[in-house]
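S.K.:
And the structure:
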């Protein structure tokens, strides 16, 4: 039978254990079965900011009362009750301390090892913040918004509650960047973030998607979700009423807001954001500084437009476009030329109105290949007409888009088409609109003069409907003003229409230009424009736009 250890052996063992515990990097705390503190090492004193002489023998929950009921409390009881070690991480708020804890039960009680992981937790928090929060405004970023929106949609589907997304875009934000610099623009975005945060409930999420786009996620709007969403959108609008103090200077900014409601529908987060985005663009189109609720008709319009854009691309590849020509004549009826008008013969829809596809072509830059093709076809017709007494002296007018004209290589393209087709420049007239002339007048004049020098002439189309300035109109090498059809139609029924026609005719003659009346459809209109001194007219009274073969028959009649 083994004899019990001698007292000095036990003391030696305890001394060795104490020396070991004092030498390790972990903080160590030993508790008895009554939760009394039996021992703590020097690192525990430093970490927990206590002195062992003040705490040994006292109840641990008396020394650290804030831990009662928390993770520490539950984990220590679990270790004692199950006689199994526990490991966890926890934040102790009074000391702002993150600890990694390992607690081992024994016959004597509980031995607890603490390790300070506050630095690692701070790094993890920073990484998390960078991953899920916007660096400039500290608002949730797109990724965190998508996560929260996914959760909110799931709850709405489960509980039948109503929520909404507000898609917010700042109106004319580019101006502050252009006039005061991007640093001031960043300051404005930070101020906007604060206003948005103050304008919503604590349970709502304000996120920044990027640039000047923000999103507010509204959850559980109550029984009348639409009314609540409208009220909160209006509150956001009011938050922009007061000017923003951007580095000591007042700056006014307004938002355009799109609102998309959701309830039990099986919608994805992408679909909800898309709906709110569409509504936001409707708010901008309606004048800005307002909000618009999404309705399904918006989606239908966007879908149709996307289909139209795809059809235009296909039509360019499949050569579905064709030119029709509307004759224009002198006041005695002699044909002086034609205006080339593009038409689209859609394989399913037949002829598609230019008013439907030209704006889309301009917005997508497809007007560039289309415009080049129109110019090319018109010049080829001029070549075919050359030498024929019936057509040799006729001009062809071609409409030029603003997108085309403002291309740096516009003149080169026109000269290249003339050279490759062999068309005579003096038989080509390019028609420009007033809005085209408003941008960079000096460059506009230079381009026109360059082409005018080789013989190409210019007409100003739809004159009187735009914003022409007489201060530069006389500088442009124009040879013709075209009176918009609206003035011709109103000339015989509205006094101001007739007066405007007289002014345009007088202006054209003063500047040495001919004047053409558009949209002449009746003998009375023709008599009026003849009496007022117009030089040319076109319209259905003379002829509708004709395909080339029908135009030839018309000219030979």
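Residue numbers (the UniProt record's numbering): 1 to 557.
Ideal Cβ positions, reconstructed from N, Cα and C, are used throughout, including at glycine.
Which two residues bound the contiguous beta strand (DSSP E) that contains residue 578?
M.R.: Look at the range of the chain in this structure, 1 to 557, and you will see that residue 578 is not part of it.
S.K.: Would you kindly check if the distance between the Cβ of residue 103 and the Cβ of residue 79 is under 8 Å?
M.R.: Cβ atoms of residue 79 and residue 103: closer than 8 Å.
S.K.: Considering only residues of the stretch 505-554, which uninterrupted alpha helix (DSSP H) runs meet the minimum length of 4 residues and lie entirely inside it, listed in chain order?
M.R.: Correct list: 523-532.
S.K.: Between the alpha carbons of residue 426 and residue 399, how many angstroms are there, rounded?
M.R.: Between residue 426 and residue 399, the C-alpha separation is close to 16 Å.
S.K.: How about residue 559 and residue 165: do their beta carbons lie closer than 8 Å?
M.R.: The chain is shown from 1 up to 557; residue 559 falls before or after that span and cannot be answered.
S.K.: Quick check on this structure: which residue in 358, 428, 409 has the alpha carbon closest to the alpha carbon of residue 392?
M.R.: The shortest Cα separation from residue 392 among 358, 428, 409 belongs to 428.
S.K.: May I ask you to list the residues that DSSP assigns as paired with residue 496?
M.R.: Residue 496 pairs with nothing; no bridge assigned.
S.K.: If we require 4 or more residues per run, which alpha helix (DSSP H) segments fall completely within the stretch 392-475?
M.R.: Counting whole runs of 4 or more residues, the stretch 392-475 contains the alpha helix (DSSP H) stretches 402-405, 410-421, 434-437, 441-452, 470-473.
S.K.: If the criterion is Cβ atoms closer than 8 Å, does the pair residue 288 and residue 171 meet it?
M.R.: Taking 8 Å as the Cβ cut-off, residue 288 and residue 171 qualify as a contacting pair.
S.K.: Looking at C-beta atoms only, is the number of pairs between the stretch 542-553 and the stretch 318-327 that lie closer than 8 Å three or more?
M.R.: Touching, yes.
S.K.: Please classify residue 288: does DSSP put it in a helix, a strand, or coil?
M.R.: Residue 288 falls in the coil class under three-state DSSP.
S.K.: Counting C-beta neighbours from all protein chains within 10 Å, is the total for residue 130 16 or more, i.e. buried, or is it exposed?
M.R.: It is exposed - the Cβ of residue 130 has fewer than 16 other Cβ atoms within 10 Å.
S.K.: Buried or exposed: which applies to residue 257, given that a residue is buried once 16 or more other Cβ atoms fall within 10 Å of its Cβ?
M.R.: Buried.
S.K.: Would residue 112 be called buried (16 or more neighbouring beta carbons within 10 Å of its own) or exposed?
M.R.: Buried, because 16 or more other Cβ atoms sit within 10 Å of the Cβ of residue 112.
S.K.: With hydrogens ignored, establish whether the beta-carbon of residue 483 is closer than 7 Å to any heavy atom of the ligand NAD.
M.R.: Although the ligand NAD was asked about, the structure shown includes no ligands whatsoever.
S.K.: Are residue 204 and residue 219 touching if we call contact CB-CB under 8 Å?
M.R.: Cβ distance < 8 Å, so residue 204 and residue 219 count as in contact.
S.K.: Report yes or no: do the stretch 527-539 and the stretch 327-341 share at least 3 C-beta pairs separated by less than 8 Å?
M.R.: In short, these stretches touch, since the Cβ pair count reaches three.
S.K.: What is the DSSP secondary structure of residue 16, counted as helix, strand or coil?
M.R.: It is helical.
S.K.: Thinking C-beta only, is residue 212 closer than 8 Å to residue 169?
M.R.: Cβ distance < 8 Å, so residue 169 and residue 212 count as in contact.
S.K.: Provide the residue(s) that pair with residue 294 in DSSP beta bridges, ordered along the chain.
M.R.: DSSP lists no partner for residue 294.
S.K.: Check for me: the alpha helix (DSSP H) holding residue 376 runs from which residue to which?
M.R.: Segment 367-385, the alpha helix (DSSP H) holding residue 376.
S.K.: Can you list, in chain order, the residues of its chain whose CB lies under 7 Å from that of residue 208, leaving out five sequence neighbours each side?
M.R.: Once the five neighbours on either side are set aside, the close Cβ partners of residue 208 are 134, 137, 139, 141, 193, 214.
S.K.: Indicate the three-state DSSP secondary structure (helix, strand or coil) for residue 557 in the structure shown.
M.R.: It is coil, neither helix nor strand.
S.K.: Taking the alpha carbon of residue 478 as the point to measure from, which residue in 64, 509, 489, 159 has its own alpha carbon closest?
M.R.: Per the Cα distances, 509.
S.K.: Could you check the C-alpha separation between residue 504 and residue 422 for me, to the nearest Å?
M.R.: Near 35 Å, if we compare the C-alpha coordinates of residue 422 and residue 504.
S.K.: State the Cα-Cα distance for the pair residue 337 and residue 396, rounded to the nearest angstrom.
M.R.: Straight-line Cα distance between these residues: approximately 6 Å.
S.K.: Per DSSP, which one or two residues make a beta bridge with residue 353?
M.R.: DSSP, once it has assigned bridges, lists no residue as partnering residue 353.
S.K.: Tell me, please, whether the stretch 366-381 touches the stretch 314-322 by the rule of three or more beta-carbon pairs shorter than 8 Å.
M.R.: With the cut-off at 8 Å, the stretch 366-381 and the stretch 314-322 touch.
S.K.: Does residue 321 come out as helix, strand or coil in the three-state DSSP assignment?
M.R.: Residue 321: strand per DSSP, three-state reduction.
S.K.: Are residue 156 and residue 199 closer than 8 Å when you measure CB to CB?
M.R.: Their beta carbons are not under 8 Å apart, which means residue 156 does not touch residue 199 by this criterion.
S.K.: Apply the 10 Å Cβ neighbour rule to residue 41 and answer buried if 16 or more other Cβ atoms are within range, or exposed otherwise.
M.R.: Buried, by the Cβ-count rule.
S.K.: Would you decide whether residue 20 is buried or exposed? Buried here means 16 or more other CB atoms lie within 10 Å of its CB.
M.R.: It is exposed - the Cβ of residue 20 has fewer than 16 other Cβ atoms within 10 Å.
S.K.: Please return the same chain residues whose Cβ sits closer than 8 Å to the Cβ of residue 1, not counting the five positions on each side in sequence.
M.R.: Confidence at residue 1 is low in this model, with a pLDDT of 47, below 50, so its placement is unreliable and no value can be given for it.
S.K.: Evaluate residue 255 with the Cβ neighbour count: other Cβ atoms within 10 Å of its Cβ, from every protein chain shown; 16 or more gives buried, anything less gives exposed.
M.R.: So residue 255 ends up on the buried side.
S.K.: Evaluate contact between the stretch 268-285 and the stretch 146-154, counting only Cβ atoms and requiring at least three cross-stretch pairs below 8 Å.
M.R.: Judged by Cβ distances under 8 Å, the stretch 268-285 makes contact with the stretch 146-154, as three or more pairs qualify.
S.K.: Where DSSP assigns a beta bridge to residue 59, which residues make up the other side?
M.R.: In the DSSP output, where bridge partners are listed per residue, residue 59 has 36.
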